Each structure stands twice: as C-alpha cells, then as structure tokens.
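Worksheet: one structure, shown below.
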Amino acid sequence: MKLLAGLVASVALFGGVQFLDGGDSESAAVEPAASSTYRLTANGDEAACAVQRGAAVSDGLSRLKIAPDCRQLMPGIERAKFWREQADGSVAFSENGIDPIVTFGVADGDGYESYALSAPLLALNKDGGN
106 MKLLAGLVAS VALFGGVQFL DGGDSESAAV EPAASSTYRL TANGDEAACA
156 VQRGAAVSDG LSRLKIAPDC RQLMPGIERA KFWREQADGS VAFSENGIDP
206 IVTFGVADGD GYESYALSAP LLALNKDGGN
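Using my numbering, the letters of the sequence shown map in sequence onto residues 106 to 235.
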C-alpha cells in the first residue's frame with residue numbers, strides 16, 4: 106500500500122511540475138541569439154568580405170568570424186575574434202575582447218562606419234540574407 110501511495114505521489118509531483126513548466130519536457134535554458142552576417146567594404150570600393158557576429162559571450166561581447174579575404178580591406182583585421190557593442194551604440198572588433206583593432210560608429214540605416222586616422226574608412230552593413 107505504501108508503494109502505491111508513493112507511486113501516486115510521484116506521478117502527481119511530476120504532473121504538477123510539467124503543468125507549471127508549461128507542459129514541455131524541453132529544458133528552459135535560454136538559446137543563444139542567431140548570428141548576424143554583415144558585409145564589410147573599404148572606402149566605398151566594390152571589394153567586400155563577410156563578417157559574422159556569433160553567439161554572445163557576455164553582456165555586449167559576442168564571438169566574431171571574419172572571412173580570410175577581409176585582410177585585403179584592412180591588414181590585421183583577420184585577427185579579430187570578438188565583437189564588442191559599446192553603450193553609445195558603437196562596435197569594436199578585437200582579438201582579445203578588450204583592445205580594439207577597429208571601431209565602428211553608428212551610420213545611417215542599420216550600418217556602421219569605422220573611425221581612425223591611420224586606417225581605411227570601412228563600412229559594415231547588415232547583409233540582406235539574414
């Protein structure tokens with residue numbers, strides 16, 4: 106009899122948890138945001154390469170994937186591994202998550218433009234594919 110009472114209590118507890126959890130047996134873990142693909146161009150030139158903002162690492166910091174041919178637009182940019190979004194809306198690419206290789210300010214539309222005296226002017230625009 107105790108076994109039957111324990112079984113009924115277990116089923117009731119499991120059912121209650123499922124009810125409160127919305128009936129899903131899936132985990133309630135937060136899924137990472139989908140990546141975003143951008144098109145990087147230099148000085149308004151026709152040459153371009155792909156830049157992909159990946160999963161978030163921490164608040165404002167995300168993984169970054171730079172296409173190998175981006176080196177033609179700005180040597181050294183291919184070392185960037187992180188995308189850091191600043192409070193003012195600007196974005197910095199860095200190798201270590203801290204020291205920027207290039208920084209972009211918010212431009213017209215949904216794009217960004219780099220600013221630095223010694224580097225080429227780069228434009229970063231959301232790719233229409235994603």
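The beta carbon of each residue, even a glycine, is placed where N, CA and C say it ideally should be.
Bear in mind that the values here come from a model prediction, so they are computed numbers and not experimental data.
Do you know whose CA, among the options, lies nearest residue i's CA?
i, options, result
"L227", "S141, Y143, T142, A147", "A147"
"G165", "E183, M179, W188", "W188"
"P225", "M179, D204, R144", "M179"
Keeping to the same chain, check which residues put their C-beta closer than 7 Å to that of residue i; ignore five residues upstream and five downstream.
i, result
"K170", "Q157, G159"
"V211", "G194, S195, Y217"
"G183", "Note that residue 183 is Glu in the sequence shown here, rather than Gly. Only I171, P173, C175, R176 meet the Cβ criterion."
Is residue i helix, strand or coil by DSSP?
i, result
"P205", "strand"
"Q157", "strand"
"E183", "helix"
"A114", "Annotation note: pLDDT 43 at A114 (below 50); position unreliable, coordinate value reported separately. Looking at A114 - three-state DSSP - the assignment turns out to be helix."
Just to confirm, are residue i and residue j a CB contact at a threshold of 8 Å?
i, j, result
"E200", "F209", "no"
"A197", "Q191", "yes"
"I206", "G233", "no"
Cutting at 8 Å between CB atoms, please list the residues of its own chain near residue i, excluding the five before and the five after it.
i, result
"Q177", "A152, C154"
"D215", "N230, K231"
Identify, in the order they occur along the chain, each residue of the same chain with its Cβ nearer than 6 Å to the Cβ of residue i, setting aside the five sequence neighbours on each side.
i, result
"D174", "C154"
"Y220", "G210"
From the beta carbon of residue i, is the nearest beta carbon of chain C less than 8 Å away?
i, result
"D193", "Absent from the structure is chain C; it holds one protein chain and no more."
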